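K.L.:
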Amino acid sequence: MTFKERFFLGEIPFEDIDRYTSRWNFSDETCTLAAYLGLNGEEEDVWISQSDEALEALLEKEKAAYLACPTKILFTDLDGTLLNNNKEISPANREAIRLAREAGHIIVLTTGRPMASILPLAQDLQLDGPGSYIIGFNGSVVYDCGEQRFLMNRTISLDDVLSVFDAAEKAGIHCQSYEENHVLYLRDDEEGRSYFEHTHTPCQIIAGTDELSKEPNKLLLIDLHNHQKLEDFRAAVEPKFQGRIQFVFSSNTYLEVIPAGTSKGNALHFLCNYLNIPVANTVAAGDSENDLSMIREAAIGAAMANSMVPVKEAADYVTMADNDHDGFAEIIKNCLLK
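Just so we're aligned, residue 7 is where the sequence shown starts under the working numbering, counting upward by one.
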């Protein structure tokens with residue numbers, strides 16, 4: 007059982023919180039609790055100035071919400087988390103999802119993938135009907151499967167799309183956009199073929215960027231052999247788009263370009279608010295940089311054993327098993343069903 011659950015269930019009294027501050031991964035108790043309750047900026051300054059009595063009252067309110075709402079939500083990444091390295095869902099992971107749903111909990115597929123790539127997996131897991139939700143494009147879209155409509159849909163302007171494509175061409179980096187249910191890129195290359203093999207998303211080669219006519223939810227930059235090249239590209243290009251788009255890695259070979267302010271963590275808050283389920287009842291599972299925001303925002307952030315080091319450092323729970331050995335099922339067992 008995690009520290010947060012132990013506090014909510016009364017095993018750790020408020021006056022003993024200071025003895026557990028290292029578990030929160032922040033420099034001091036009040037900042038940590040503020041971050042947990044979703045406060046930031048000026049709100050956090052106000053939070054830090056609160057008396058112990060005020061802090062305890064706010065925490066008790068969160069505790070009451072946690073106990074009053076038995077339904078929990080697990081926001082899970084796909085690649086490197088739910089899926090093994092062969093892009094398959096293991097029998098143990100399938101059974102864990104079945105048990106979680108049987109207990110009344112909600113599983114939200116939360117990924118950088120496009121909807122065309124997510125929906126077949128959702129259908130396979132029977133997570134595509136009423137009461138099921140999908141977060142795609144790293145939080146750019148939130149989709150209600152039952153109503154078959156987008157609850158949130160954020161895009162990148164065409165001007166910025168063309169600028170990123172131009173910069174990527176000059177740097178010799180594969181860049182692709184998304185329209186409807188397919189991917190668009192400029193030439194047949196190893197990166198494009200590899201992407202199709204992994205996601206089975208239909209791909210279309212275009213003659214030039216003038217064929218890009220719709221604002222996409224994201225762009226994707228791929229280099230299968232040189233991670234540093236992508237790092238250097240981000241460092242050089244991202245400042246030019248400050249306030250409009252942002253760059254985040256979903257793996258060592260994939261650099262995602264998404265609308266500024268978009269993240270899996272923000273989508274987590276959006277869906278919890280929409281469903282009127284407290285953030286105190288959330289678990290987030292992931293392995294890469296693009297999962298950091300939801301791992302930090304969830305009540306319980308769980309990192310896979312195969313996660314990047316910063317993801318493990320930010321998590322409340324790190325699995326013993328990796329994504330090839332049912333680490334996801336371990337998260338459901340130890341973070342959702344206990």
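Cβ atoms here follow ideal geometry from the backbone N, Cα and C, with glycine treated the same way. All of these numbers come straight from a predicted model, not from anything done at the bench.
Got a sec? Which residues, its chain only, sit under 7 Å from Gly333 by beta carbon, not counting five neighbours each side?
P.N.:
Here residue 333 corresponds to residue number 327 of the sequence shown, with the count starting at 1. Answer for Gly333: Met310, Ala311, Thr325, Ala327, listed in chain order.
K.L.:
I think Lys270 touches Thr116, with their Cβ atoms under 8 Å apart; what is that distance to the nearest whole Å?
P.N.:
Working through the sequence shown from its first residue, we reach residue 270 at position 264. Working through the sequence shown from its first residue, we reach residue 116 at position 110. Their Cβ separation, rounded to whole angstroms, is 5 Å, which keeps Lys270 and Thr116 in contact under 8 Å.
K.L.:
Give the DSSP-derived three-state secondary structure of Asn31 in the structure shown.
P.N.:
For the purposes of this step, residue 31 is identified with residue 25 of the sequence shown, where counting begins at 1. For Asn31, the predicted model reports a pLDDT of 36, less than 50, meaning its position is unreliable and no value from the coordinates is stated.
K.L.:
State yes or no: is the C-beta of Glu262 within less than 8 Å of the C-beta of Ile228?
P.N.:
Mapped onto the sequence shown, residue 262 falls at position 256. Mapped onto the sequence shown, residue 228 falls at position 222. No; because the gap between Cβ atoms is not below 8 Å, this pair is not in contact.
K.L.:
Run through the region 262 to 342 for me and flag every whole beta strand (DSSP E) of 3 or more residues, listed as ranges in chain order.
P.N.:
288 to 292, 306 to 309
K.L.:
Among Ala273, Ala173, Leu164, Asp172, which has the Cα closest to the Cα of Tyr184?
P.N.:
Start at 1 with the first residue of the sequence shown, and residue 184 comes out as number 178. Measuring from the Cα of Tyr184, the nearest candidate turns out to be Leu164.
K.L.:
Going residue by residue through the region 107 to 184, where are the continuous alpha helix (DSSP H) segments of at least 4 residues, counting only ones entirely within it?
P.N.:
Fully enclosed alpha helix (DSSP H) runs of 4 or longer: 121 to 130, 164 to 177.
K.L.:
When the Cα atoms are used, what is the spatial distance from His111 to Leu133?
P.N.:
The residue labelled residue 111 in the question sits at position 105 within the sequence shown. The residue labelled residue 133 in the question sits at position 127 within the sequence shown. Computed Cα separation, rounded: 12 Å.
K.L.:
Which residues share a DSSP beta bridge with Gln4?
P.N.:
The requested residue 4 does not occur in the structure, where the chain is confined to residues 7 to 344.
K.L.:
Return the Cβ separation of Ala266 and Ala98 in integer angstroms, given the expectation that the two are a contact with Cβ distance under 8 Å.
P.N.:
Indexing the sequence shown from 1 puts residue 266 at position 260. Indexing the sequence shown from 1 puts residue 98 at position 92. About 38 Å separates the two Cβ atoms, so there is no contact after all.
K.L.:
For Glu186, which of Asp293, Thr215, Pro208 has the nearest alpha-carbon?
P.N.:
Taking the first residue of the sequence shown as 1, we reach residue 186 at position 180. When the alpha-carbon of Glu186 is set against those of Asp293, Thr215, Pro208, the nearest one is in Pro208.
K.L.:
Counting beta carbon pairs with one atom in the region 212 to 224 and one in the region 140 to 147, are three or more of them shorter than 8 Å?
P.N.:
Touching, yes.
K.L.:
According to DSSP, which residues form a beta bridge with Leu89?
P.N.:
Here residue 89 refers to the residue found at position 83 when the sequence shown is read from its first residue. Answer is Asp85.
K.L.:
With a CB to CB cut of under 7 Å and the five nearest residues on each side skipped, what residues in its chain are close to Tyr139?
P.N.:
Working through the sequence shown from its first residue, we reach residue 139 at position 133. Only Val114, Val148, Tyr149, Asp150, Cys151, Leu277 meet the Cβ criterion.
K.L.:
Contact defined as beta carbons within less than 8 Å: I believe His233 pairs with Asn258. What is the distance between those atoms, to the nearest angstrom?
P.N.:
One-based indexing of the sequence shown puts residue 233 at position 227. One-based indexing of the sequence shown puts residue 258 at position 252. The Cβ separation is near 5 Å, so the contact holds.
K.L.:
Rounded to whole angstroms, what's the CA-CA distance from Asp172 to Ile306? Just pull it up for me.
P.N.:
As a working note, residue 172 is residue 166 in the sequence shown. As a working note, residue 306 is residue 300 in the sequence shown. Their backbone Cα atoms lie some 41 Å apart in a straight line.
K.L.:
Please classify Leu136 as buried or exposed, where buried requires at least 16 neighbouring CB atoms within 10 angstroms.
P.N.:
Along the sequence shown, read from residue 1 onward, the residue named residue 136 stands at position 130. Per the sequence shown, the amino acid found at residue 136 is Pro instead of Leu. The residue in question, Pro136, is exposed, as its Cβ has fewer than 16 Cβ neighbours within 10 Å.
K.L.:
Just mark Tyr280 as buried or exposed, buried being the case when its beta carbon has 16 or more other beta carbons within 10 Å.
P.N.:
By 1-based counting over the sequence shown, the position of residue 280 is 274. Tyr280 comes out exposed.
K.L.:
Does DSSP put Tyr42 in a helix, a strand or coil?
P.N.:
Taking the first residue of the sequence shown as position 1, residue 42 is located at position 36. Summary for Tyr42: the model assigns pLDDT 46, below 50, so the residue's position carries little reliability, and this model does not support an answer.
K.L.:
For Ile95 and Ser200, what's the separation of their Cα atoms in angstroms?
P.N.:
Sequence index remark: in the sequence shown, residue 95 carries index 89 (1-based). Sequence index remark: in the sequence shown, residue 200 carries index 194 (1-based). Cα-Cα distance, rounded: 20 Å.
K.L.:
Considering only C-alpha positions, which residue in the set Met158, Lys235, Pro126 is nearest to His180?
P.N.:
Within the sequence shown, the letter at position 174 stands for residue 180. Checked all of Met158, Lys235, Pro126; the closest Cα to His180 is Lys235.
K.L.:
Which residue marks the beginning of the alpha helix (DSSP H) containing Asp236, and which one marks its end?
P.N.:
As a working note, residue 236 is residue 230 in the sequence shown. The sequence given here has Leu at residue 236, not Asp. First-last of the alpha helix (DSSP H) with Leu236: 233 to 243.
K.L.:
So Gly118 and Ser256 are in contact, right, with Cβ under 8 Å, and what is the actual spacing, rounded?
P.N.:
For the purposes of this step, residue 118 is taken as residue 112 along the sequence shown, with counting starting at 1. For the purposes of this step, residue 256 is taken as residue 250 along the sequence shown, with counting starting at 1. Yes, they are in contact, since the Cβ atoms of Gly118 and Ser256 sit about 4 Å apart, within 8 Å.
K.L.:
From the DSSP secondary-structure annotation, give me the bridge partner or partners of Leu226.
P.N.:
The sequence position of residue 226 within the sequence shown is 220, counting from 1. Leu226 is bridged to Gln182, Glu262.
K.L.:
For Gln210, which of Val189, Asp216, Asn282 has the nearest alpha-carbon?
P.N.:
As a first step, residue 210 must be located in the sequence shown, where it is residue number 204. Of the listed residues, the one whose Cα sits closest to Gln210 is Val189.
K.L.:
Using the DSSP secondary-structure output, state which residues sit across from His188 in a beta bridge.
P.N.:
Here the question's residue 188 lines up with position 182 in the sequence shown. Answer is Glu185.
K.L.:
Would DSSP call Leu105 helix, strand or coil?
P.N.:
The residue given as residue 105 occupies position 99 in the sequence shown. If DSSP states are grouped into helix, strand and coil, Leu105 belongs with the helices.
K.L.:
I'd like the span of the alpha helix (DSSP H) that includes Ser200, first residue to last.
P.N.:
Counting from 1 along the sequence shown, the entry for residue 200 is found at position 194. Looking at the DSSP string, the run of the alpha helix (DSSP H) that includes Ser200 is 196 to 205.
K.L.:
What does the alpha-carbon distance come out to for the pair Ala70 and Asp216?
P.N.:
Within the sequence shown, numbered from 1, the residue matching residue 70 stands at position 64. Within the sequence shown, numbered from 1, the residue matching residue 216 stands at position 210. Going by the C-alpha atoms only, they are around 55 Å apart.
K.L.:
Judging by CA-CA distance, which residue of Val170, Met300, Glu237 is the nearest neighbour of Val285?
P.N.:
The residue you call residue 285 lines up with position 279 of the sequence shown. For Val285, the nearest C-alpha among the options comes from Met300.
K.L.:
Output the distance between the C-alpha atoms of Ala291 and Lys176, rounded to the nearest integer angstrom.
P.N.:
Working through the sequence shown from its first residue, we reach residue 291 at position 285. Working through the sequence shown from its first residue, we reach residue 176 at position 170. For Ala291 and Lys176, the distance between alpha carbons rounds to 36 Å.
K.L.:
Rounded to whole angstroms, what is the Cα-Cα separation between Thr288 and Ile79?
P.N.:
Residue numbering aside, residue 288 sits at position 282 when the sequence shown is read from its first letter. Residue numbering aside, residue 79 sits at position 73 when the sequence shown is read from its first letter. Cα-Cα distance, rounded: 5 Å.
K.L.:
Would you kindly work out how many angstroms separate the C-alpha atoms of Phe239 and Ser169, rounded to a whole number?
P.N.:
In the sequence shown, counting from the first residue as 1, residue 239 sits at position 233. In the sequence shown, counting from the first residue as 1, residue 169 sits at position 163. Each residue's Cα considered, the two are about 13 Å apart.
K.L.:
With distances taken Cα to Cα, identify the nearest neighbour of Gly86 among His275, Phe247, Met314.
P.N.:
Counted from its first residue, the sequence shown places residue 86 at position 80. The shortest CA-to-CA distance from Gly86 to any of His275, Phe247, Met314 is the one to Met314.
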